[in-house]
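Read in full-length UniProt numbering, the sequence shown has 25 at position 25, and its numbers run on one by one without any break.
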Amino acid sequence: MHDPEPDPHRTAVAAPAAPEGVVRRTAKRPRRSRGTARFGARRSRLLSVMQSGDGAFDCTEPAVRSVCRIVRQLVAELLALASDRQMRRRNSRRAAAHIRQIAMYVCHVALQISFVEIAAAFGRDRTTVSHACNAVEDRRDDCAFDDFVATVERIALSIFASAGAVEHE
Numbered sequence: 001m002h003d004p005e006p007d008p009h010r011t012a013v014a015a016p017a018a019p020e021g022v023v024r025r026t027a028k029r030p031r032r033s034r035g036t037a038r039f040g041a042r043r044s045r046l047l048s049v050m051q052s053g054d055g056a057f058d059c060t061e062p063a064v065r066s067v068c069r070i071v072r073q074l075v076a077e078l079l080a081l082a083s084d085r086q087m088r089r090r091n092s093r094r095a096a097a098h099i100r101q102i103a104m105y106v107c108h109v110a111l112q113i114s115f116v117e118i119a120a121a122f123g124r125d126r127t128t129v130s131h132a133c134n135a136v137e138d139r140r141d142d143c144a145f146d147d148f149v150a151t152v153e154r155i156a157l158s159i160f161a162s163a164g165a166v167e168h169e
C-alpha cells in the first residue's frame with residue numbers, strides 16, 4: 001500500500017495504548033481570531049491615512065460605532081419618555097431588541113450607513129440589520145409608531161448633520 005506524503009503540521013506519534021497508525025497533532029499554533037485581524041488591519045490603515053494626510057479621513061468625524069451607539073441611546077431615552085409603563089424583566093429583552101432594531105433602521109435610512117458598518121457597530125450580522133430594517137418598515141403602518149420613528153430620524157439628522165458626520169439630501 002502507498003504511504004501518503006506526511007503533513008508538516010501533523011506527525012505520527014505512537015501512544016502506548018493507541019492502535020497503530022493513529023495521527024495526533026503535535027503543538028498547536030496560536031490562532032488569532034478573524035475579528036482581531038480585521039480590526040487590526042483597519043486600525044493600521046486608518047493610522048497610516050491619518051499620518052500621511054492623504055484621503056478623505058477627518059479626525060473630527062465621529063466613528064460609525066459611536067454614531068450607532070448614540071442613536072441607540074437616543075431611541076432608548078425617547079422610548080422611555082413615550083412609554084408610560086414600567087418594563088418587566090420578561091419584556092426587557094424584547095424591548096432591547098426593538099430599540100436595537102429602530103436604531104439600526106435610523107442609522108441606515110436617515111444617516112445612510114451601510115448594513116455592514118451597522119452590523120459591525122452593533123456586533124451583529126448584516127442580514128440581521130436587513131431584517132431589522134424590514135421589521136421597522138413593516139411596523140411603520142401604525143401612525144403612532146411612524147411618528148415616533150420620524151421624530152428619532154429628525155433628531156438624529158439634526159445631531160449628526162451639524163457634526164458633519166452625514167450628508168443627507
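All C-beta atoms in this analysis are idealised placements derived from N, C-alpha and C, irrespective of residue type, glycine included. No experiment lies behind these values; they were computed from the predicted model shown.
Rounded C-alpha distance that separates residue i from residue j
i    : j    : result
T151 : I70  : 15 Å
Y105 : V149 : 9 Å
S83  : R126 : 29 Å
R65  : R154 : 20 Å
A144 : A63  : 31 Å
G123 : V129 : 10 Å
E77  : I113 : 22 Å
R140 : D146 : 5 Å
S97  : A135 : First, the residue type needs correcting, since residue 97 is Ala and not Ser in the sequence shown. If I take the Cα positions, the gap works out to 11 Å.
D138 : S158 : 25 Å
A156 : H131 : 21 Å
A161 : D142 : 28 Å
Cβ pair residue i, residue j closer than 8 Å
i    : j   : result
H108 : C68 : no
A103 : R72 : yes
L79  : I99 : yes
Exposure of residue i, with buried meaning 16 or more beta-carbon neighbours within 10 Å
i    : result
Q101 : buried
L111 : buried
L74  : buried
Coil, strand or helix - residue i by DSSP
i    : result
D142 : coil
I113 : coil
S83  : coil
D125 : coil
A150 : helix
A96  : helix
A161 : helix
A63  : coil
Any C-beta of chain B under 8 Å from that of residue i
i    : result
T127 : In the structure shown, chain B cannot be found, because there is only a single protein chain.
Using 8 Å as the Cβ pair cut-off and three pairs as the minimum, do the stretch 108 to 119 and the stretch 89 to 100 touch?
no
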